[in-house]
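2 protein chains.
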Amino acid sequence: MSDVTTTDLYEVTMALSYLREDMHSPATFSLFVRDLPPGRGFLVTAGLEPALDFLARYRVDRDDVEEFAAALHRPVRDLMPLLGLAFEGEVRAVPEGRVMFAGEPLLEVTAPLPQAQLIETYLLNQFCHQTVVASKAARCVLAAAGRPVVDFSLRRAHGPWAGLQAARLGTLVGFAGTSNVAAAVSLGIPASGTMAHSYIEAFPSEEAAFRAFALSHPGPVTFLVDTYDTQEGVRIAARVLTDLGLGPGCAIRLDSGDLDALARRARALLDSAGLADVRIVASGGLDEYGVDRLVRASAPIDVYAVGTKVGVAADAPYLDAAYKLVEYAGRPVTKLSSAKITAPGRKQVFRRAGLPDVIALAQEDPPDSAQPLLRTVMRDGRRTGPPDHWQDARERFREDIAALPDSARRIEDPEPVPPVRSPALEQLTARVRSGIEARLRRPAAVLPPSALSARPS
Amino acid sequence: MSDVTTTDLYEVTMALSYLREDMHSPATFSLFVRDLPPGRGFLVTAGLEPALDFLARYRVDRDDVEEFAAALHRPVRDLMPLLGLAFEGEVRAVPEGRVMFAGEPLLEVTAPLPQAQLIETYLLNQFCHQTVVASKAARCVLAAAGRPVVDFSLRRAHGPWAGLQAARLGTLVGFAGTSNVAAAVSLGIPASGTMAHSYIEAFPSEEAAFRAFALSHPGPVTFLVDTYDTQEGVRIAARVLTDLGLGPGCAIRLDSGDLDALARRARALLDSAGLADVRIVASGGLDEYGVDRLVRASAPIDVYAVGTKVGVAADAPYLDAAYKLVEYAGRPVTKLSSAKITAPGRKQVFRRAGLPDVIALAQEDPPDSAQPLLRTVMRDGRRTGPPDHWQDARERFREDIAALPDSARRIEDPEPVPPVRSPALEQLTARVRSGIEARLRRPAAVLPPSALSARPS
Numbered sequence: 022m023s024d025v026t027t028t029d030l031y032e033v034t035m036a037l038s039y040l041r042e043d044m045h046s047p048a049t050f051s052l053f054v055r056d057l058p059p060g061r062g063f064l065v066t067a068g069l070e071p072a073l074d075f076l077a078r079y080r081v082d083r084d085d086v087e088e089f090a091a092a093l094h095r096p097v098r099d100l101m102p103l104l105g106l107a108f109e110g111e112v113r114a115v116p117e118g119r120v121m122f123a124g125e126p127l128l129e130v131t132a133p134l135p136q137a138q139l140i141e142t143y144l145l146n147q148f149c150h151q152t153v154v155a156s157k158a159a160r161c162v163l164a165a166a167g168r169p170v171v172d173f174s175l176r177r178a179h180g181p182w183a184g185l186q187a188a189r190l191g192t193l194v195g196f197a198g199t200s201n202v203a204a205a206v207s208l209g210i211p212a213s214g215t216m217a218h219s220y221i222e223a224f225p226s227e228e229a230a231f232r233a234f235a236l237s238h239p240g241p242v243t244f245l246v247d248t249y250d251t252q253e254g255v256r257i258a259a260r261v262l263t264d265l266g267l268g269p270g271c272a273i274r275l276d277s278g279d280l281d282a283l284a285r286r287a288r289a290l291l292d293s294a295g296l297a298d299v300r301i302v303a304s305g306g307l308d309e310y311g312v313d314r315l316v317r318a319s320a321p322i323d324v325y326a327v328g329t330k331v332g333v334a335a336d337a338p339y340l341d342a343a344y345k346l347v348e349y350a351g352r353p354v355t356k357l358s359s360a361k362i363t364a365p366g367r368k369q370v371f372r373r374a375g376l377p378d379v380i381a382l383a384q385e386d387p388p389d390s391a392q393p394l395l396r397t398v399m400r401d402g403r404r405t406g407p408p409d410h411w412q413d414a415r416e417r418f419r420e421d422i423a424a425l426p427d428s429a430r431r432i433e434d435p436e437p438v439p440p441v442r443s444p445a446l447e448q449l450t451a452r453v454r455s456g457i458e459a460r461l462r463r464p465a466a467v468l469p470p471s472a473l474s475a476r477p478s
Numbered sequence: 022m023s024d025v026t027t028t029d030l031y032e033v034t035m036a037l038s039y040l041r042e043d044m045h046s047p048a049t050f051s052l053f054v055r056d057l058p059p060g061r062g063f064l065v066t067a068g069l070e071p072a073l074d075f076l077a078r079y080r081v082d083r084d085d086v087e088e089f090a091a092a093l094h095r096p097v098r099d100l101m102p103l104l105g106l107a108f109e110g111e112v113r114a115v116p117e118g119r120v121m122f123a124g125e126p127l128l129e130v131t132a133p134l135p136q137a138q139l140i141e142t143y144l145l146n147q148f149c150h151q152t153v154v155a156s157k158a159a160r161c162v163l164a165a166a167g168r169p170v171v172d173f174s175l176r177r178a179h180g181p182w183a184g185l186q187a188a189r190l191g192t193l194v195g196f197a198g199t200s201n202v203a204a205a206v207s208l209g210i211p212a213s214g215t216m217a218h219s220y221i222e223a224f225p226s227e228e229a230a231f232r233a234f235a236l237s238h239p240g241p242v243t244f245l246v247d248t249y250d251t252q253e254g255v256r257i258a259a260r261v262l263t264d265l266g267l268g269p270g271c272a273i274r275l276d277s278g279d280l281d282a283l284a285r286r287a288r289a290l291l292d293s294a295g296l297a298d299v300r301i302v303a304s305g306g307l308d309e310y311g312v313d314r315l316v317r318a319s320a321p322i323d324v325y326a327v328g329t330k331v332g333v334a335a336d337a338p339y340l341d342a343a344y345k346l347v348e349y350a351g352r353p354v355t356k357l358s359s360a361k362i363t364a365p366g367r368k369q370v371f372r373r374a375g376l377p378d379v380i381a382l383a384q385e386d387p388p389d390s391a392q393p394l395l396r397t398v399m400r401d402g403r404r405t406g407p408p409d410h411w412q413d414a415r416e417r418f419r420e421d422i423a424a425l426p427d428s429a430r431r432i433e434d435p436e437p438v439p440p441v442r443s444p445a446l447e448q449l450t451a452r453v454r455s456g457i458e459a460r461l462r463r464p465a466a467v468l469p470p471s472a473l474s475a476r477p478s
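So the protein lines, in turn, are chains A and B. Heads up: take any position in the first sequence, counting from 1, add 21, and you land on my numbering. Heads up: take any position in the second sequence, counting from 1, add 21, and you land on my numbering.
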């Protein structure tokens, strides 16, 4: 098993057929999201960096050929045309961390058709998952309105790999840390976490547990106070902190119950114990909706830990994303069977301050003072620059989100800012469409390419 | 980064503290699901096999120690007590593929406290994700009512690892195949898939595409017919199949639109072309709800391909699963702060034909003709037998699901069969609870273990 065979079988059957037919001409595929899920005012694009790593090392080796042959129940020699195939194409893409909308290409691949086809499944897998989680995490940051948010999602993420990505994607949109040790160390971000209820239960009493914890961990500590009786837990925590001369940097954590009410009582108890600088961390089933309610209620919570619902993007765990052929051998193409019309041709997205994005053809000149969002990030199968750092992605996100209208940023019933299409793109779409419709009205036959679609002007 | 550091930081801080306090006594943790998600009448337990692989190889090495130190901003020597720590405990668990309900332990670990604690995050990660996806996949098999179901979820699963697991979990509950090459080959199951719309678009016409595909793929083929006009696509497919003398084993695939209506028209066209043995495959946004509607409408669909919504368990993408300390150093323990009361003590689940399961204490004698569901699968950190094969899990699932009442199996508004608790377990729960409540009414102090909880009788 390898990244190369982590693919849908049909990519392999198509590639084999293309090779047999000598269909090596350049194909452009466009990766985009058809519609935003309900409850989303924007997407935060993510998945490009792992996708580029995948493309840079893509090479069908002997083991892959044998796996393909086994899957197809065909002799290995039939699959040998694929041996050594690497990705040698161009990738134009929107860098990670940018705020994007439905219909906008996030990535366009141009490569010999068999190459561009074989990589489809893995690219969709990366972009769908990561964009959906980054977009949910971004809303948590908005809901927290400046308070730190940390990631506790590993235990319920869809596998260890998804857990690592949840930490990365949270970081990308501004999370302050993660409970995931491997993720924290590999990303160079703060690791966060203290104790579970089981820790308290293993000791004869909460006080014994808190004292033992403080003794084994020099520096600031966080005590989990809701194992038995939360108010009593706060009193015990306050006494231990006071006895040990701790305070600044320390915290208590609430993990269940009415977090608003418990936080108010805890704050009062801590303040009256002279522990005004001890912070309150809240966790337990939170996502942007829960954080938003607590923040709007002015609950005295200093740090929000979000987990399960964010790591799996519980209310919208997938995107209606597609990787569509938009041009082959110089002719723009599209599919016509349903409401899902894909605009043909290589594209660019232009962004202008205070106005909707424009989806245009790649060769169009930008409107005045517009910024093109797709950049060439890979050429001849090699990255055009060093890998992106999450700090750069975070900065892009910070700028993009600040420029977004409140209506798109709000937590409840947000409204996206739909992009518009350039006149040239509209014209090409109409031409390609009517070309196909004309063909369908005629008796079916093997027709030359010119009958299938209009040529680009 | 390793499986060992793919953990929440608090597992490490707790383990360090336990080691410092010489708290090496045996601890039992119980892994269970508190509540079934809405729309679920049962769970199919999964995740044990990868969890046992993890436990068998668990060992904190030098790199792990360094990562822990980095995450805690502490000198490496502070973490050295963890070096070489391996899992040497016992695991009692329900094997994969069994039908289970809320509150029933799926796994119980008994090991020295630091070991039993350190493995929590990874175990939860495996069980939560895999049980949730297996349970959704099982419902698709029920909805299809005997028709083959295949997995197309890789492109939208939460990463490549989740995609592999989706294929495995579908197989476990009876799927006929998967589009995922790596998964198909590693599991030894059929790989499924033919062509994308892009394949059709890359050729001058549908007919040219179908002919090229058949030429490059000896044996039965499946043609995707909905790229432009679905009825016309079926006609062209029928003509190509007839011309090439193909038929038995071949299929057409519908991937969009009104699948019921399109399938009826396609069936009529194929039948009138003398292609009654050409099958119809349906895909496109299907899960158990969509399959159920089509099957109940008697749509002439022979194979159902389910993808996105099943791979991410879209309507219920996580479980409220917990890994709770239930016994430490011989005394049963629990947590009291919320409605989430955990029953203390080591447990067993007894299953009797036609009656609800009984959750009992591990040492209780089974009721008459009851089957204990938890088996000892690991002792002294080693598996007690060879790894389970998916065929055995599938057979267990087949038997369990057949024994389930229709009300739990149905797709819309299913009703689970809640387990009952044995009198001995009820009594222990009450004793431990009142012991803690008595302690909370007295002035807080460091109390001996006897004050925290009742001793088991």
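Glycine is no exception: its CB is placed at the ideal position from the N, C-alpha and C atoms. Because the structure is a prediction, the values reported are computed rather than measured.
With which residues is residue 369/A paired in a DSSP beta bridge? Against the first sequence, residue 369/A aligns to sequence position 348. 381/A, per the DSSP bridge assignment.
Helix, strand or coil at residue 270/B [DSSP, three-state]: Position 249 of the second sequence, counted from the start, is the residue given in the question as residue 270/B. Of the three classes helix, strand and coil, the one that applies to residue 270/B here is coil, per DSSP.
What does the Cβ neighbour count give for residue 397/B, buried or exposed, with the cut at 16 atoms within 10 Å? For this step, residue 397/B is matched to residue 376 along the second sequence. So residue 397/B counts as exposed.
Taking C-beta pairs closer than 8 Å, name the residues in chain A that residue 135/B reaches, listed in chain order. Position 114 of the second sequence, counted from the first residue, corresponds to residue 135/B. Result: empty, since nearest Cβ-Cβ is about 10 Å, beyond 8 Å.
The region 447-455 of chain A contacting the region 78-91 of chain A, beta-carbon criterion three pairs below 8 Å: no
Report yes if the CB atom of residue 341/A is closer than 8 Å to the CB atom of residue 55/A, and no otherwise. Counting from one through the first sequence, the residue named residue 341/A turns up at place 320. Counting from one through the first sequence, the residue named residue 55/A turns up at place 34. Yes, these two residues count as a Cβ contact at 8 Å.
Between the region 51-64 of chain B and chain A, which residues of the former have a C-beta closer than 7 Å to a C-beta of the latter? none
Other residues of its chain near residue 450/B: CB distance less than 7 Å, five sequence neighbours each side excluded: Against the second sequence, residue 450/B aligns to sequence position 429. Only 364 and 365 meet the Cβ criterion.
Is the beta carbon of residue 52/A sitting closer than 8 Å to the one on residue 128/A? Within the first sequence, the letter at position 31 stands for residue 52/A. Within the first sequence, the letter at position 107 stands for residue 128/A. Yes, they are a contact pair.
Taking only beta-carbon positions, decide if residue 411/B is within less than 8 Å of chain A. Translated into the one-based positions of the second sequence, residue 411/B becomes position 390. Taking Cβ atoms only, chain A never reaches closer than 8 Å to residue 411/B, which makes this a no.
To the nearest angstrom, how far is it from the Cα of residue 408/A to the Cα of residue 48/A? Within the first sequence, the letter at position 387 stands for residue 408/A. Within the first sequence, the letter at position 27 stands for residue 48/A. Near 25 Å, if we compare the C-alpha coordinates of residue 48/A and residue 408/A.
Candidates 379/A, 399/A, 383/A and 400/A: which alpha carbon is nearest residue 390/A's? Residue mapping note: residue 390/A aligns to position 369 of the first sequence, counting from 1. Nearest of 379/A, 399/A, 383/A and 400/A to residue 390/A, Cα basis: 379/A.
Test: residue 457/A CB closer than 8 Å to a CB of chain B: Residue numbering aside, residue 457/A sits at position 436 when the first sequence is read from its first letter. Cβ-Cβ to chain B under 8 Å: yes for residue 457/A.
Within 7 Å of chain E by C-beta, residues of the region 253-266 of chain B in sequence order: Although the question refers to chain E, the structure presented lacks it and instead comprises the protein chains A and B.
Give me, in chain order, the residues of the same chain whose beta-carbon lies closer than 7 Å to that of residue 381/A; leave out the 5 immediate sequence neighbours on both sides. In the first sequence, residue 381/A corresponds to position 360, counting from 1. So the qualifying residues of the chain are 368, 369, 371, 443, 445 and 446.
DSSP has residue 138/A in a bridge; who is on the other side? Indexing the first sequence from 1 puts residue 138/A at position 117. Partner(s): none; residue 138/A has no beta bridge.
Should residue 121/B be flagged as near chain A, meaning a C-beta pair shorter than 8 Å? Here residue 121/B refers to the residue found at position 100 of the second sequence. Taking Cβ atoms only, chain A never reaches closer than 8 Å to residue 121/B, which makes this a no.
Would the beta-carbon of residue 102/B fall within 8 Å of that of residue 30/B? As a working mapping, residue 102/B is identified with position 81 in the second sequence. As a working mapping, residue 30/B is identified with position 9 in the second sequence. No, the Cβ-Cβ distance between residue 102/B and residue 30/B is not below 8 Å.
Quick check: the region 181-188 of chain B against the region 87-103 of chain B, are there 3 or more CB pairs under 8 Å? no
Please list, in chain order, the chain B residues whose beta carbon lies closer than 8 Å to that of residue 491/A. Residue 491/A lies beyond the residue range present for chain A, which begins at 22 and ends at 478; the question has no answer from this structure.
What residues in its chain sit with their C-beta under 8 Å from that of residue 312/B, if we drop five residues either side in the sequence? As a first step, residue 312/B is located in the second sequence; it is residue number 291 there, counting from the start. Answer for residue 312/B: 161, 164, 165, 170, 325 and 327, listed in chain order.
Listing by chain order, which chain A residues have their CB less than 8 Å from the CB of residue 345/B? As a position in the second sequence, residue 345/B is number 324, starting the count at 1. Result: 218 and 219.
Can you have a look at residue 428/B and say buried or exposed, based on whether 16 or more other CB atoms are within 10 angstroms of its CB? Walking along the second sequence from the start, residue 428/B turns up at place 407. Label assigned to residue 428/B: exposed.
Could you pull out every residue in the same chain whose Cβ sits closer than 6 Å to the Cβ of residue 345/A, ignoring the five residues on either side in sequence? The sequence position of residue 345/A within the first sequence is 324, counting from 1. Same-chain partners within the cutoff: 51 and 363.
Assuming residue 177/A and residue 329/A are in contact, meaning their beta carbons sit under 8 Å apart, how far apart are those beta carbons, in whole angstroms? Position 156 of the first sequence, counted from the first residue, corresponds to residue 177/A. Position 308 of the first sequence, counted from the first residue, corresponds to residue 329/A. So it is a contact: roughly 4 Å between Cβ atoms.
Let me know if residue 61/B comes out buried or exposed under the rule of 16 or more other beta-carbons within 10 Å of its beta-carbon. Taking the second sequence and counting its residues from 1, the one referred to as residue 61/B is at position 40. Buried, since its Cβ has 16 or more Cβ neighbours within 10 Å.
Given 8 Å as the limit, is there contact between the region 345-354 of chain A and the region 412-426 of chain A, that is, 3 or more CB pairs closer than that? no
Go through its chain and collect everything with a Cβ distance to residue 305/B's Cβ below 6 Å, but skip five positions before and after it. Position 284 of the second sequence, counting from 1, holds the residue named residue 305/B. Answer for residue 305/B: 276 and 277, listed in chain order.
Hey, does residue 43/B have any beta-carbon neighbour from chain A nearer than 8 Å? Locating residue 43/B in the second sequence gives position 22, where the first residue counts as 1. No, residue 43/B does not count as interfacial toward chain A.
When you compare the region 248-268 of chain B with the region 283-299 of chain B, are there three or more beta-carbon pairs, one atom per stretch, that lie closer than 8 Å? yes
So, is residue 410/B buried or exposed, given that buried needs 16 or more other C-beta atoms within 10 angstroms? Within the second sequence, numbered from 1, the residue matching residue 410/B stands at position 389. That one is exposed.
Whether residue 438/A touches residue 377/A by CB criterion (8 Å): Position 417 of the first sequence, counted from the first residue, corresponds to residue 438/A. Position 356 of the first sequence, counted from the first residue, corresponds to residue 377/A. Contact: yes.
Of all Cβ atoms in chain B, is any one closer than 8 Å to the Cβ of residue 271/A? Start at 1 with the first residue of the first sequence, and residue 271/A comes out as number 250. No, because no Cβ of chain B sits closer than 8 Å to the Cβ of residue 271/A.
Just by C-beta distance, which residues in the region 168-190 of chain B are closer than 8 Å to chain A? 173, 175, 176, 177, 178, 179, 180, 181, 182, 183, 184, 185 and 186
I'd like the list of long-range same chain contacts for residue 421/A, defined as Cβ closer than 7 Å, with 5 residues on each side in sequence excluded. For the purposes of this step, residue 421/A is taken as the residue at position 400 of the first sequence. Once the five neighbours on either side are set aside, the close Cβ partners of residue 421/A are 119 and 120.
Kindly say whether residue 126/A, judged by its beta-carbon, lies nearer than 8 Å to any beta-carbon of chain B. Translated into the one-based positions of the first sequence, residue 126/A becomes position 105. No - not a single Cβ of chain B is within 8 Å of the one on residue 126/A.
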